[in-house]
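Protein chains: 2
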Amino acid sequence: MVQATALPRNDSGIETVIGILKQRFADRLQTGESIRQQHGHTTTWINNQPPDAVVFPRSTEEVSEIVKACAAHKVPVIPFGTGTSLEGHVNAPAGGISVDLSQMNRILAVNAEDLDCVVQPGVTREDLNTHLRDQGLFFPIDPGANASLGGMAATRASGTNAVRYGTMKDNILGLEAVMPDGQIIRTGTRARKSSAGYDLTRLLIGAEGTLGIITEITLRLHGIPEAISSARCSFPSVDAACRAVMMTIQYGVPVARIELLDERSVGAANAYSKLSLPETPLLLLEFHGSEAGVVEQAETFGAIAEEFGGTDFAATTSTEERSKLWQARHDMYWASLQLRPGAQGISTDVCVPISRLAECVTSAQAKTAELGLLAPIVGHVGDGNFHTLLLIDTENADEVSKAEEFVGWLNDLAISMEGTCTGEHGIGQGKKPYLERELGPAVRYMRAIKAALDPDDIMNPGKIV
Amino acid sequence: MVQATALPRNDSGIETVIGILKQRFADRLQTGESIRQQHGHTTTWINNQPPDAVVFPRSTEEVSEIVKACAAHKVPVIPFGTGTSLEGHVNAPAGGISVDLSQMNRILAVNAEDLDCVVQPGVTREDLNTHLRDQGLFFPIDPGANASLGGMAATRASGTNAVRYGTMKDNILGLEAVMPDGQIIRTGTRARKSSAGYDLTRLLIGAEGTLGIITEITLRLHGIPEAISSARCSFPSVDAACRAVMMTIQYGVPVARIELLDERSVGAANAYSKLSLPETPLLLLEFHGSEAGVVEQAETFGAIAEEFGGTDFAATTSTEERSKLWQARHDMYWASLQLRPGAQGISTDVCVPISRLAECVTSAQAKTAELGLLAPIVGHVGDGNFHTLLLIDTENADEVSKAEEFVGWLNDLAISMEGTCTGEHGIGQGKKPYLERELGPAVRYMRAIKAALDPDDIMNPGKIV
Chain G
1 MVQATALPRN DSGIETVIGI LKQRFADRLQ TGESIRQQHG HTTTWINNQP PDAVVFPRST
61 EEVSEIVKAC AAHKVPVIPF GTGTSLEGHV NAPAGGISVD LSQMNRILAV NAEDLDCVVQ
121 PGVTREDLNT HLRDQGLFFP IDPGANASLG GMAATRASGT NAVRYGTMKD NILGLEAVMP
181 DGQIIRTGTR ARKSSAGYDL TRLLIGAEGT LGIITEITLR LHGIPEAISS ARCSFPSVDA
241 ACRAVMMTIQ YGVPVARIEL LDERSVGAAN AYSKLSLPET PLLLLEFHGS EAGVVEQAET
301 FGAIAEEFGG TDFAATTSTE ERSKLWQARH DMYWASLQLR PGAQGISTDV CVPISRLAEC
361 VTSAQAKTAE LGLLAPIVGH VGDGNFHTLL LIDTENADEV SKAEEFVGWL NDLAISMEGT
421 CTGEHGIGQG KKPYLERELG PAVRYMRAIK AALDPDDIMN PGKIV
Chain S
466 MVQATALPRN DSGIETVIGI LKQRFADRLQ TGESIRQQHG HTTTWINNQP PDAVVFPRST
526 EEVSEIVKAC AAHKVPVIPF GTGTSLEGHV NAPAGGISVD LSQMNRILAV NAEDLDCVVQ
586 PGVTREDLNT HLRDQGLFFP IDPGANASLG GMAATRASGT NAVRYGTMKD NILGLEAVMP
646 DGQIIRTGTR ARKSSAGYDL TRLLIGAEGT LGIITEITLR LHGIPEAISS ARCSFPSVDA
706 ACRAVMMTIQ YGVPVARIEL LDERSVGAAN AYSKLSLPET PLLLLEFHGS EAGVVEQAET
766 FGAIAEEFGG TDFAATTSTE ERSKLWQARH DMYWASLQLR PGAQGISTDV CVPISRLAEC
826 VTSAQAKTAE LGLLAPIVGH VGDGNFHTLL LIDTENADEV SKAEEFVGWL NDLAISMEGT
886 CTGEHGIGQG KKPYLERELG PAVRYMRAIK AALDPDDIMN PGKIV
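Those sequence lines, one after another, are chains G and S. For what it's worth, my numbering labels the leading residue of the first sequence as 1, then goes sequentially. For what it's worth, my numbering labels the leading residue of the second sequence as 466, then goes sequentially.
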C-alpha cells in the first residue's frame with residue numbers, strides 16, 4: 001500500500017458535530033466501522049482513511065445544515081458519490097463527516113426542447129440515460145464506471161466519448177452548490193453560454209469537493225443519433241495506430257469514440273470476452289450521425305487505416321455486434337485483472353498532445369518491460385489520454401516501489417511532452433506532487449483561492465492543494 | 466451618455482509609476498491626450514474614462530515588469546486589446562496604466578498534427594486565420610469584430626460559430642498570464658483535456674482582466690471542412706423561425722451557424738448590402754462537413770423549415786454567394802446604423818434557453834415599439850443569444866432613459882426565463898447591477914476570489930465585481 005499522510009484531527013469538534021447530526025438525522029447518520037471503511041477509499045492502492053461518520057442528506061437544505069454544523073466546529077466534510085474515484089478522493093485524512101449523496105438521486109427536470117436537464121448529484125449516468133432514452137436523448141460522458149454525476153463533475157471526468165462530446169466541463173451549464181460556509185449558490189443559468197462574471201461553474205468542476213459540495217447539476221443533453229455504427233481495425237504497431245488516429249482527427253472525421261488497446265490488452269479481451277482478435281494493437285471506433293453519414297465516416301476511416309497498415313478492418317451497424325465490442329472494452333479492467341489473478345490494478349492517467357502519443361505509449365511499454373511489471377494499456381487516443389493498468393501485488397514492497405517509480409516516471413514524461421499527469425481521474429491524494437511539477441507557480445493561486453473560500457480547510461482536506 | 470462611476474485615484478502612485486515606466490519603456494509609454502482617450506472606452510454609451518498613460522509591452526517579461534511596478538505602488542492596470550468591447554471594459558475609472566498588447570502579436574507555434582497553436586494576446590482572429598489557411602486549419606470563434614484573441618479570451622467571446630464550435634472557453638487549452646503580483650503562470654498544458662487541479666484557465670477566461678493579464682494563449686484549431694455550404698430561409702414570424710431552429714438542433718443537424726435577422730434587420734441588410742430578401746424574419750445558415758454531408762444537412766434543414774412555414778429556401782455551395790450572404794450578416798451593425806444616420810447603436814446581449822427564445826425576441830420587439838425605439842434584432846439563435854441594437858441619440862436624455870429602461874427590462878426578462886444578461890459581451894461596467902440579480906449570492910464568492918488574488922484591486926478595477 002501507499003501511505004497517505006494523516007492530518008491533525010479536531011476530535012472534540014468531530015464529537016460535537018456527530019452529536020448534533022445524530023439528533024437531526026437519526027438513522028441517516030451512521031458511525032459503524034464497516035460503513036466508515038466503505039466510505040474511505042477502496043479502489044486504489046492508497047490506504048483507507050475512514051471518516052468518523054457518514055450522513056445521508058436528501059436535500060440541498062440538509063447539505064447546507066450539515067456544512068454549517070461542520071463549519072461552526074471546524075470539522076472536515078468529505079462529499080461521497082459512488083466511491084469509484086481512483087486517487088483517494090474520498091479518504092478522510094483528518095477524519096470528519098462523509099456526506100453520502102446517494103439519496104439525492106432525483107432527476108428534477110428534463111427540458112427536451114432545450115436539450116438540457118437538471119439532476120441531483122447522486123443520479124448515476126446509467127440511471128440518467130435509462131430515464132432519457134424514451135425521449136430520444138442521451139448524456140454522452142461515459143467514464144466506464146457507473147459513477148454519480150456529482151462525482152463526475154467533481155473530478156472533471158470524461159471517458160470514451162470525449163473526443164466528440166467533450167468532458168464534464170463542456171457538458172454542464174450550471175451548478176447549485178453548498179459553499180464551505182453553508183451558503184447555497186447557483187453558478188449559472190440554463191442559457192447555453194454566458195459571459196456573466198467569473199466562471200464558478202468551471203471552478204467547481206474538477207475541484208474534487210474542496211471548494212464546496214455540488215447539490216444540483218444542469219447538464220447539456222444530446223439527441224440520440226439517427227444512426228450509430230462501430231468499427232475495429234488491427235495495426236502492426238502502436239505507432240501506426242496512433243498515426244491513423246491523428247490523421248482521422250485532422251481530417252475532421254467526427255468520430256464519437258476512438259479507443260486503443262495495446263497487444264496485451266487485446267490478449268486479455270480475447271480471453272475474457274471470448275473474442276478472437278489478432279493480438280496486435282487495435283483501434284475500436286464508434287460513429288454517430290445520419291445513416292449515410294456513419295457509412296461515410298467508416299469508409300473514410302477505413303481508407304486512412306489502410307494507409308497506415310491497418311488490417312482486419314470491420315465496420316458494422318449491427319447493434320448486437322457493436323454492443324459486444326464495446327462491452328469488451330468496458331470490461332477491460334476485469335479482463336486485465338485476469339491476466340494475474342489476485343493482483344490489484346493501478347491505473348495511470350497521463351494525457352499528451354496527440355503527436356507525442358505513440359512515443360509516450362511505446363516508452364511506457366518499454367519501461368514496464370524493463371521494470372518487469374505486467375501492464376496492459378488502453379487509451380482514449382482521440383484525446384491523447386491513455387491508462388497503463390499496473391497489475392501488482394500491493395503487499396509486495398518491491399513491486400509497489402517499482403510501480404511507484406513507473407508512475408512517477410510516466411507522469412514526468414507526460415509533463416515533459418507538454419501533457420498532463422491526469423486526463424480525467426483527478427489529483428486527489430495520489431497525484432499531489434505532480435500537480436506542482438506540472439503547473440508550478442499556478443498552484444500558489446489555487447491555494448489562495450482555496451484559502452479565500454474555505455479559510456478553515458474543512459472541505460475535503462488533504463486533496464489537490 | 467451613461468455615467469460610469471469614477472473611483473478614488475492614487476495620484477502620487479500613478480505619477481511615480483509613470484516615471485518608472487517612462488525610464489524603462491521610453492517612447493513605448495505614451496501620455497498624450499488623444500491616445501489616452503482612444504484607450505478609454507469608445508464603442509459604447511458609457512462615458513470615456515481615459516487611463517493616465519498607455520504602455521506597449523513586447524513580451525511577457527515586460528508585462529510582468531509593468532504589473533510589478535503598478536503593484537508596488539497600488540496603481541491600476543487596464544489590459545487593452547483592440548478596444549472593441551462593448552461594456553466599458555477598458556475604461557479607467559480610477560486612472561492608471563493601460564497595457565496595450567497590440568505589439569505582442571506573434572503566432573508562436575502552430576502544431577498542425579495536434580490541431581493547436583500558441584499565440585500572443587495581440588494576434589487578431591483574422592490575422593490568425595490568414596496565417597493558418599495554407600495549412601488547412603482555422604480557428605472558429607468569430608465575434609464579428611476583428612478582435613484580439615486576448616480580448617476574446619478575457620470576455621469569453623463567441624459569435625456566429627458557437628452553436629457548433631463552442632465559445633472561447635471551449636477552444637482554449639491553456640493560458641500564460643501575469644498575475645496581480647507580477648508572477649508569470651501557466652494554467653494548462655497542450656493536452657486536450659486535464660483534471661489537474663482548479664481550472665484557472667476557465668477562471669481567467671471571462672475575468673475581463675480583473676484577475677491577471679493573459680500573455681499567451683494555447684488555442685484548439687479545426688481542420689477547414691472539406692465542404693461548406695450556406696442556406697437562407699424566410700419565415701412568417703420570429704416564432705416560426707425559432708421553432709425551426711429548435712427542431713434543427715434537436716434533430717442533431719450539426720449546423721455551423723444559424724442566425725436570425727428580424728424583419729427590420731432584413732430591411733436594413735437589403736438597403737445596405739443591395740439584397741432583395743423578403744422583409745420577414747430570416748434564418749441564415751452555414752453547414753460544414755463532407756460534400757455529401759453538407760448536402761444532407763441542407764436538405765434536412767429545408768424539410769424542417771417547410772414544416773414551420775419557411776419560404777424562399779435557398780442553399781448554395783458557391784463560395785461567392787455564401788460570402789455575399791455572410792458579409793451582409795457581418796455588416797449588420799453598419800447596415801442598422803443607416804436606418805438612423807447619426808444615431809449610436811447600443812447592443813443588448815441576453816441569452817435564454819432556446820424554448821424561450823421566440824417569446825423573448827417577440828417581447829423585445831413589442832417593448833421597443835411601445836417605447837418608440839428603433840431597434841433591429843439579430844441573433845445567434847442556435848444558442849438562444851440575440852442582440853437588440855438600439856439606435857439612439859445618446860445626447861437626448863429622454864431617449865437614453867428609455868433605452869436604459871429597455872435594457873434593464875430585457876435583462877430582467879432573460880433572467881426570469883432562466884437565461885443570462887450577457888451571452889458573450891461580458892459584464893464590464895455596464896452590466897454590473899445585473900450580475901447580482903442573475904447569480905445572487907454567488908457574486909460574493911467571486912468577490913472573495915478577486916480579493917484573494919488581487920488584494921489591492923489593481924487589476925482592471927471597477928469591472929465585474
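Note that the Cβ used here is the ideal one computed from N, Cα and C, for glycine as well. Just so it is clear, the structure is predicted and the values come from calculations on it, not from any experiment.
Judged by DSSP in its simplified three-state form, Thr368 (chain G) adopts helix. Here Gln103 (chain G) carries a coil assignment [DSSP, helix/strand/coil]. Using a Cβ-Cβ cut-off of 8 Å, Met446 (chain G) counts as an interface residue toward chain S, since at least one Cβ of chain S sits closer than that to its own. Arg805 (chain S) counts as exposed, since fewer than 16 other C-beta atoms from the protein chains shown sit within 10 angstroms of its C-beta. Just so you know, the alpha carbons of Gly587 (chain S) and Met569 (chain S) end up roughly 5 Å apart. For Tyr272 (chain G), the nearest beta carbon of chain S is not closer than 8 Å to its own beta carbon.
Residue-level contact check: Ile923 (chain S) does not touch chain G, since none of the beta carbons of chain G fall below 8 Å from its beta carbon.
Residue state for Arg912 (chain S) is assigned as helix, using DSSP reduced to three classes. The Cβ atoms of Ser336 (chain G) and Pro281 (chain G) do not sit closer than 8 Å to each other. Judged by DSSP in its simplified three-state form, His380 (chain G) adopts strand.
Pairing Thr311 (chain G) with Ala303 (chain G), the inter-Cα distance amounts to about 11 Å. Listed along chain G, the residues sitting closer than 7 Å to Leu918 (chain S) by beta-carbon distance are Tyr445, Ala448. DSSP, read as helix, strand or coil, puts Ala763 (chain S) in helix.
Chain-order list of chain S residues neighbouring Ala442 (chain G): Ile650, Arg651, Thr652, Leu665, by C-beta distance under 7 Å. Lys193 (chain G) has a beta carbon lying within less than 8 Å of a beta carbon in chain S.
Residue environment analysis places Trp799 (chain S) among the exposed positions, since fewer than 16 neighbouring C-beta atoms fall within 10 angstroms of its C-beta. Collapsing the DSSP output to three states places Glu395 (chain G) in coil. Burial of Gln38 (chain G) is indicated by the presence of at least 16 other C-beta atoms within 10 angstroms of its C-beta.
Inclusion of Ala619 (chain S) and Thr549 (chain S) in the CB contact set at 8 Å is not warranted, their separation being larger than that value.
The region 223-299 of chain G is shown to contain whole beta strand (DSSP E) runs of 3 or more residues at 227-234, 257-261, 282-289, in chain order. Boundaries of the alpha helix (DSSP H) harbouring Arg794 (chain S): 784-795, taken from the DSSP string.
With fewer than 16 other beta carbons inside 10 angstroms of its own, Ser741 (chain S) counts as exposed.
Against chain G, a Cβ distance below 7 Å from Asp704 (chain S) picks out nothing, because the smallest value is about 13 Å. Contact between the region 181-188 of chain G and the region 55-74 of chain G is present: three or more C-beta pairs spanning the two stretches fall below 8 Å. Residue burial is scored here from C-beta neighbours: Ala736 (chain S) has fewer than 16 other C-beta atoms within 10 angstroms and is therefore classed as exposed. Around Cys233 (chain G), the same chain offers Leu283, Ala305, Gly310, Phe313 as residues with beta carbons nearer than 6 Å, after the five sequence neighbours per side are excluded. Residue range 581-584 is occupied by the beta strand (DSSP E) that includes Val584 (chain S).
In terms of CA proximity to Leu855 (chain S), S:Val843 leads the group S:Glu530, S:Val843, S:Gly849.
DSSP places Ala768 (chain S) within a helical segment (H, G or I) once states are collapsed to three. DSSP places Pro898 (chain S) in the uninterrupted alpha helix (DSSP H) bounded by 897-904. Under DSSP, His852 (chain S) forms a beta bridge with S:Val843. Taking the beta carbon of Asn411 (chain G) as reference, no residue of chain S falls within 9 Å; the closest one sits roughly 10 Å away. Restricting attention to S:Asn513, S:Leu593, S:Leu573, S:Ile572, the CA atom closest to the CA of Val555 (chain S) is found in S:Asn513. With its beta carbon at least 8 Å from every one in chain S, Ser416 (chain G) lies outside the interface. When 9 Å is used as the limit between beta carbons, Ala763 (chain S) is near no residue of chain G, the shortest such separation being about 12 Å.
Here Ile18 (chain G) carries a helix assignment [DSSP, helix/strand/coil].
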